[in-house]
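Participant:
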Amino acid sequence: MLSSTEDGRIRLSTGQTAPSAIGAAVQDGDLMTGLLRVESDVISATSATSAASATSATGAGPSAAGASASAGGGVADPLGVPRNLLRDAVFERMLRHILSGDYRRGQRLRLDALADDMRVSRTPVREALVPLEALRLVIVQRYVGVVIAPWTVGQMVERTRIARSMLVDPPTSCARGDEPFDPAVLRDCLSEAGAFVELAVWVLRRSGAPVSADWLRSQQTVLDVFHTDDIARANGIDVAADWTRRMQVVKAARSAALADDVALCAVRLTELAELLIALPERFRSAETA
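Residues 20 to 308, numbered by my numbering, are exactly what the sequence shown covers, in order.
#1: Spatial neighbours of residue 160 within its chain, please: CB distance less than 7 Å, with the 5 preceding and 5 following residues excluded, ordered by chain position.
#2: Going by other Cβ atoms of all chains shown within 10 Å of its Cβ, with 16 needed for buried, is residue 118 buried or exposed?
#3: Taking the alpha helix (DSSP H) that residue 238 belongs to, which residues open and close that run?
#4: Could you spell out the range, first to last residue, of the beta strand (DSSP E) harbouring residue 165?
#5: Measuring CB to CB, does residue 133 end up less than 7 Å from residue 144?
#6: Please list, in chain order, all residues of the same chain as residue 245 whose beta carbon is under 6 Å from its beta carbon, the five residues on each side excluded.
#7: What is the rounded straight-line gap between the Cα of residue 281 and the Cα of residue 275?
#8: Rounding to the nearest angstrom, what Cα-Cα distance links residue 223 and residue 151 in this structure?
#9: Just mark residue 182 as buried or exposed, buried being the case when its beta carbon has 16 or more other beta carbons within 10 Å.
#10: Whole angstroms are fine: how far does the CA of residue 196 sit from the CA of residue 248?
#11: Kindly confirm or deny that the stretch 253-273 and the stretch 223-237 touch, where touching means at least three C-beta pairs closer than 8 Å.
#12: Between the C-alpha atoms of residue 219 and residue 262, what's the straight-line distance to the nearest angstrom?
#13: Please return the same chain residues whose Cβ sits closer than 8 Å to the Cβ of residue 294, not counting the five positions on each side in sequence.
#14: In this structure, what does DSSP give as the bridge partners for residue 128?
#15: If you compare alpha carbons, which of 259, 126, 127 is closest to residue 211?
#16: Count the other C-beta atoms from every protein chain shown that fall within 10 angstroms of the C-beta of residue 15, then say buried if there are 16 or more, exposed otherwise.
#17: If you draw a straight line from the alpha carbon of residue 192 to that of residue 180, how long is it in whole angstroms?
#18: By DSSP, does residue 157 sit in helix, in strand, or in coil?
#19: Less than 8 Å between C-beta atoms, sequence neighbours within five positions excluded: which residues of the same chain meet that for residue 241?
#20: So for residue 209, helix, strand or coil by DSSP?
#21: Taking the alpha-carbon positions, what's the residue 186 to residue 290 distance?
#22: Contact defined as beta carbons within less than 8 Å: I believe residue 139 pairs with residue 104. What is the distance between those atoms, to the nearest angstrom?
#23: Please return the same chain residues whose Cβ sits closer than 7 Å to the Cβ of residue 147, not counting the five positions on each side in sequence.
#24: Compute the Euclidean distance between the alpha carbons of residue 236 and residue 125, then round it to the nearest angstrom.
#25: Can you look up residue 198 in the DSSP assignment and give me helix, strand or coil?
#26: Determine the DSSP secondary structure at residue 181, reduced to helix, strand or coil.
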């Protein structure tokens with residue numbers, strides 16, 4: 020089920036638990052607010068949309084969600100939530116179901132069933148399938164529906180390996196950028212892998228490799244979610260192992276970025292990539308049935 024948060028975004032419940040040392044490990048406040056918070060209230064849109072539907076049914080006036088859609092220029096779904104927000108919410112929810120094994124590899128899913136399960140129309144589900152297919156996590160087949168792709172943990176590792184190689188030898192094709200690093204981009208990261216991508220995107224843009232940065236940006240959500248505690252555990256990986264070390268490297272890379280030291284930030288991120296790549300090697304992934 021989907022619901023809107025106070026800031027108008029749609030968030031999905033992750034059920035993630037942060038490592039117990041998290042509070043003691045970070046003292047600098049604004050470092051990755053999202054990564055460092057323990058939250059289980061990320062996305063669900065029922066109470067807000069139910070209230071909106073009730074208001075609309077009684078003729079009491081436009082719902083808050085409908086007003087928000089008008090203000091934001093988004094097209095409202097029958098639930099009264101802007102369709103672009105529903106698309107993102109459906110994408111995140113399906114992503115978690117796929118990576119956790121709730122949707123099994125090779126499983127066929129009907130579009131109508133997906134829409135009914137999430138209490139949305141078919142349109143945001145179709146829109147959410149586009150990036151999922153681009154990430155090679157689903158296969159959309161005419162007359163068949165949606166088939167969960169036979170993805171592997173190795174493919175997640177490959178994404179990090181590619182990012183590492185880009186950092187070691189950026190495929191520069193343009194003039195180097197000069198934009199300063201904005202630490203605010205780390206606030207919504209759920210894992211150190213998400214922070215890795217955000218920092219690496221900045222390094223690549225500053226190094227004159229915007230196309231590589233765009234590709235890596237497209238991988239941010241899948242890598243971020245895959246390395247959260249519950250999803251990693253579902254794939255036989257204990258992300259608590261060396262977690263403190265990885266956080267130290269993230270903080271070092273962030274400090275280098277804030278000091279505008281692109282080269283040092285790249286070195287720290289390469290180290291972080293090695294630590295992330297090593298995780299599945301230490302804890303052999305259990306393939307979901």
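Beta carbons: idealized from backbone N, C-alpha and C, even for Gly.
Facilitator: Judging by the given coordinates:
#1: 166
#2: buried
#3: Counting along the chain, residue 238 falls outside any alpha helix (DSSP H), and DSSP gives it neither H nor E.
#4: 164-167
#5: yes
#6: 118, 175
#7: 7 Å
#8: 24 Å
#9: buried
#10: 35 Å
#11: no
#12: 19 Å
#13: 261, 264, 265, 268
#14: 165
#15: 259
#16: This structure leaves residue 15 out entirely; the chain is present only between 20 and 308.
#17: 21 Å
#18: strand
#19: 114, 118, 154, 156, 175, 178
#20: coil
#21: 11 Å
#22: Going by Cβ atoms, the distance from residue 139 to residue 104 rounds to 10 Å, so no, they are not a contact pair.
#23: 106, 109, 110, 113
#24: 27 Å
#25: coil
#26: helix
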